[in-house]
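One structure is given here, and the rest of the page talks about it.
Pasting the structure below:
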């Protein structure tokens, strides 16, 4: 069972997973100084969210959820913005990935690092 009060930290992980898509798309699409600035800014925000979340949640679960959401969103983004063909197998595998991510979130308890305060 997930620990009490973990919702806000899981929200950070979820936001980080989506922001990861911004910088991944930026790596492919950025061609101007503004595009590169936005990409680098997204990387900074992305990792700041991840670092905050791992202070209060187990790092293994956070990293798996974070990467899983980012990967799923990136595959969707490449289909929408870069015209990658939609394949039934790819959709099924993304669905499986999202189910696994949701399962990890549901079974992960609150477990801050021993040297970190429990206060947000």
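Residue numbers (the UniProt record's numbering): 1 to 120.
The beta-carbon is built from N, C-alpha and C at its ideal position, and this holds for glycine as well.
Asked, Found
"What residue range is occupied by the uninterrupted alpha helix (DSSP H) comprising residue 83?", "Premise fails: residue 83 is in no alpha helix (DSSP H) and is neither H nor E."
"What residue from 24, 97, 16, 30 has the CA that sits closest to residue 53's CA?", "16"
"For residue 95, is the classification buried or exposed, using 16 other Cβ atoms within 10 angstroms of its Cβ as the cut-off for buried?", "exposed"
"Can you tell me which of the three DSSP states residue 8 falls into?", "helix"
"Measuring only from the beta carbon, is residue 8 closer than 6 Å to any heavy atom that is part of the ligand GTP?", "Among the components of this structure there are no ligands whatsoever, and the ligand GTP is therefore not found."
"Whole alpha helix (DSSP H) runs in the region 38-63 with 4 or more residues, listed along the chain?", "none"
"To the nearest angstrom, report how far apart residue 101 and residue 37 are at their CA atoms.", "30 Å"
"Cutting at 8 Å between CB atoms, please list the residues of its own chain near residue 39, excluding the five before and the five after it.", "22, 23, 26, 27, 30"
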